[in-house]
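Down below is the structure, laid out as structure tokens.
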Amino acid sequence: MPNLYAGVPAHRWVTLIAFFVVLLADAALASTSAPSASNSWLYQAKRPLILAHRGSRYLNPENTLPAFHSALQLGADVLEMDVRLTADNRLVVFHDENVNRTTEGYGLVRQKTLAEMLALDAGYRYTHDGGLSYPYRDGGVAGPHPLRVPTFDQFLDAFPDQWINVEIKDRERLAAELTWQHLQRQPNYSSRFVVASRYCDIIDHFRNITQGAIATAACETEATNMRIKILLGSAANTLDYCLGLRLPPAEVYQLPTRAEMIDYLHSIGAKVHYWVVNDARYMQRLLAKGIDGLITDRPDVAYAVWQQMGYDMPGAALDSAQADGLVGSNQQQQQRWRHFEPLAQAEELHECVTLVCRYFAFGLGAVYFLVFVILALLALAVCLARRLYSAIRTTRKRSSSSSSTSRSGNKVKRA
């Protein structure tokens, strides 16, 4: 079997080790009198889905309305976005904990009021050419006014019928409660949304208040435990009994990308979404493996790959040249090959928030590495012990020889 990861740069390896596994909704959550996560778009797709990561963020400033609009016109099926709390407890569409990377401002989102967030230029630091130009600053190609950070309401109003993946970034229950308040006002909310959070207490709270009405992602501990369970196989049942592994029903898990895991998860009715992949070659290989969806910063590339792989795709309204800024100039379109790419996608390299994640983040590979290190240390210890033993024997022989020679000399003198 060909090595899927041969030649993959280190930062791509890190981003490729995460993927979404979508489990069937728990039967106990299904109800004829209430919305159920079993109606989610996760189960409606007839082909692998293209999920636009923060919109078309290589083509437009991330998490802005133009980025989301262009992603859809490029052929994306689902919009992936993030929500954060402001100082006055309003939800805005924003990824980072602070505003430094994408705007002209500085400081934490949680310490800024909604008015302060809306005053920021969301396209301020977006560049196509490594910093030689910033086409969206102060409006730029977007028009006379700067691009603004959308509120969650503005985003939902802009896409009333769209399939959406929402990630709650704050570790506060209020964020889960406000997210639910917004979503339940939307038409067909049980079928249109999937909600994620890396924090177990937040996603648990969301599940409790929604009572299974919306599909959710597994928190980090659940994802890690599922990974261990799959790696250990039947032995995991004993481990679960002894340690009480947290394996509650969830619609979405983030697990390592191993082919045998795809087969196992498909066998139990799970769906597999990889996250984040932007290279056409890897997209083709993953589709050939049988994935059910792919989260990408390049929906234009994904759309072309899907077509090449023979999937029946709806006509895209734009190609990548036209989408290089929906409001972009001809010069932008001519330079479409200079797509913006964050340095090593550093903002995607999340830190583990649980001890078990830190030690099992790379699954079986980490075990192999530890075994290799232990064996190497044992081999080194044996080698050193043998050399030490040899040195001691040599020293003793020399000492014995010297003592013998000395005694012989004394006998000669006496004679």
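Residue numbers (UniProt numbering): 1 to 415. Glycine is no exception: its CB is placed at the ideal position from the N, C-alpha and C atoms. The structure displayed is predicted, hence computed values, not measured ones.
Return yes when the Cβ of residue j is within less than 8 Å of the Cβ of residue i, no when it is not.
i    : j    : result
M283 : V277 : yes
I164 : L79  : yes
D263 : Y58  : no
A122 : L147 : yes
I168 : S190 : no
A218 : V195 : no
N63  : M81  : yes
V93  : T179 : no
Y124 : T103 : yes
G143 : L120 : no
D300 : L65  : no
R101 : L85  : no
Y134 : P61  : no
F206 : A158 : no
What is the residue span of the beta strand (DSSP E) that residue i lies within?
i           : result
Y274        : 271–275
residue 458 : This structure cannot settle anything about residue 458, because the visible part of the chain is limited to 1 through 415.
I50         : 49–53
R84         : 78–85
E167        : 163–168
V195        : 193–196
T113        : Unbroken run through T113: none, as it is neither H nor E.
I295        : 293–296
L91         : 91–93
Report buried or exposed for residue i, applying the criterion of at least 16 other Cβ atoms within 10 angstroms of its Cβ.
i    : result
G328 : Below a pLDDT of 50, predicted positions are generally treated as unreliable, and G328, at 38, falls in that range; the measurement from the model is reported next regardless. Its Cβ being crowded by 16 or more others within 10 Å, G328 is buried.
A27  : Note on A27: pLDDT 30, under 50, position unreliable in the model; no value is reported.
H53  : buried
S399 : exposed
S197 : buried
V382 : exposed
I291 : buried
V305 : buried
L255 : Low confidence applies to L255: its pLDDT is 46, below 50, so where it sits in the model is not reliable enough to give any reading.
Just checking my contact of residue i with residue j at CB under 8 Å: how many whole Å lie between their CB atoms?
i           : j    : result
residue 503 : L51  : This structure does not reach residue 503, given that the chain is present from 1 up to 415, and the question cannot be answered.
L49         : D77  : 4 Å
residue 432 : V166 : Nothing can be reported for residue 432: it is not among the residues displayed for the chain, which extend from 1 to 415.
Please determine, among the options, the residue with the shortest C-alpha to C-alpha distance to residue i.
i           : options                : result
H182        : L91, D161, H69, K271   : L91
E220        : V149, R125, Q211, C200 : C200
D312        : N39, L42, S40, K46     : K46
G212        : K397, T395, S38, Y389  : S38
F155        : I209, R285, G55        : G55
R173        : I209, P187, F193       : I209
Q44         : V371, G107, F193, T86  : F193
P187        : S40, H128, R171, V141  : S40
residue 421 : L370, G131, V141, G315 : Because the chain spans 1 through 415 in this model, residue 421 falls outside it and cannot be assessed.
Q162        : D129, L42, R285        : L42
A67         : K112, Y136, V272       : Y136
A280        : V272, D138, A302       : A302
P160        : G130, Q184, V141, H266 : Q184
Check the Cβ-Cβ distances between residue i and every residue of chain C, and say whether any is below 8 Å.
i    : result
R386 : Considering every chain present, this structure includes no chain C. It has just one protein chain.
Start and end of the alpha helix (DSSP H) containing residue i?
i    : result
F152 : 152–158
V301 : 299–308
S56  : From DSSP, S56 is part of no alpha helix (DSSP H); its letter is neither H nor E.
Would you check whether the ligand COA has a heavy atom nearer than 7 Å to the C-beta of residue i?
i    : result
V194 : The ligand COA is not among the ligands present in this structure, which contains no ligands whatsoever.
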